[in-house]
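K.L.:
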Amino acid sequence: MPNTPLVGLGHVPVAVYSCATSTHAVRETERRARHYADARHWHVAGAWTDRDPSAPLGSRLGWQAMTGALSSGLVRGVVVATISHVALDAAQFAALGVLVRDRGGFLVEATTGPPHRSPGQPQSGHRPTLFEGAARRSSYGHLAPEAS
Numbered sequence: 012m013p014n015t016p017l018v019g020l021g022h023v024p025v026a027v028y029s030c031a032t033s034t035h036a037v038r039e040t041e042r043r044a045r046h047y048a049d050a051r052h053w054h055v056a057g058a059w060t061d062r063d064p065s066a067p068l069g070s071r072l073g074w075q076a077m078t079g080a081l082s083s084g085l086v087r088g089v090v091v092a093t094i095s096h097v098a099l100d101a102a103q104f105a106a107l108g109v110l111v112r113d114r115g116g117f118l119v120e121a122t123t124g125p126p127h128r129s130p131g132q133p134q135s136g137h138r139p140t141l142f143e144g145a146a147r148r149s150s151y152g153h154l155a156p157e158a159s
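Heads up: the sequence shown begins at 12 in the numbering used here, then just goes up one per residue.
Below you can see the structure in the form of structure tokens.
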């Protein structure tokens with residue numbers, strides 16, 4: 012598997028991972044991570060959960076299963092609602108991101124900011140239709156005033 016992460020928009024299979032003690036917290040963090048993935052048009056291939064945030068990450072069964080999916084190529088990325096589910100601080104999260112990248116994937120936190128853009132994608136977040144693109148380059152631009 013290549014060591015080049017696929018980050019940005021596209022149909023990339025990702026895993027959602029959460030670690031929380033309550034069922035409500037698990038559901039909420041999974042919802043947030045799925046929303047983040049959906050906004051980027053990533054396919055959520057699976058969701059893995061652990062219930063003991065105090066357990067070392069490597070000993071958590073959900074994390075182990077999820078990293079197995081990453082190693083096998085079932086998923087290309089891991090989305091967590093917040094870094095506290097997998098790390099104590101930003102430096103530890105960055106180091107974990109390097110380990111995930113070494114397995115050919117990427118690790119992201121589900122932030123509330125706008126989605127990452129692929130090169131050439133409009134900043135507004137919507138993808139122009141072929142008609143909109145043609146209207147901008149033709150004398151018939153008045154047919155699609157919102158595209159100008």
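Each residue gets a CB set at the ideal place from its N, CA and C atoms; glycine is no exception.
Could you name each continuous alpha helix (DSSP H) segment of 4 residues or more that falls completely within the region 39 to 115, going from the start of the chain to the end?
P.N.:
As far as the region 39 to 115 is concerned, its whole alpha helix (DSSP H) runs of at least 4 residues are 72 to 83 and 101 to 113.
K.L.:
Helix, strand or coil: which one does DSSP assign to ALA36?
P.N.:
The residue you call residue 36 lines up with position 25 of the sequence shown. If DSSP states are grouped into helix, strand and coil, ALA36 belongs with the helices.
K.L.:
Closest to VAL97 by C-alpha separation, out of PRO67, ARG114 and LEU85, would be which residue?
P.N.:
If you number the sequence shown from 1, residue 97 lands on position 86. Closest option to VAL97, Cα to Cα, is PRO67.
K.L.:
With distances taken from CA atoms, which of GLU41, VAL27 and LEU81 is nearest SER33?
P.N.:
Residue 33 sits at position 22 when you count from the first residue of the sequence shown. Closest option to SER33, Cα to Cα, is GLU41.
K.L.:
Apart from the five residues just before and just after ARG114, which ones in its own chain have a Cβ nearer than 6 Å to its Cβ?
P.N.:
Locating residue 114 in the sequence shown gives position 103, where the first residue counts as 1. Taken in chain order, the residues that qualify are LEU81 and SER82.
K.L.:
Taking the alpha carbon of CYS30 as the point to measure from, which residue in LEU99, VAL23 and VAL86 has its own alpha carbon closest?
P.N.:
Position 19 of the sequence shown holds residue 30. The shortest C-alpha separation from CYS30 is found at LEU99.
K.L.:
Excluding the 5 residues flanking HIS137 on each side, which residues of the same chain have their C-beta closer than 7 Å to its C-beta?
P.N.:
Here residue 137 refers to the residue found at position 126 when the sequence shown is read from its first residue. Since pLDDT at HIS137 reaches only 44, below the 50 mark, its modelled position is unreliable, and the value read off the structure follows with that caveat. Contacts found: none.
K.L.:
Let me make sure I understand the geometry here. Which of SER70, VAL109, ARG87 and VAL37 has the alpha-carbon closest to that of GLY116?
P.N.:
Within the sequence shown, the letter at position 105 stands for residue 116. It is ARG87.
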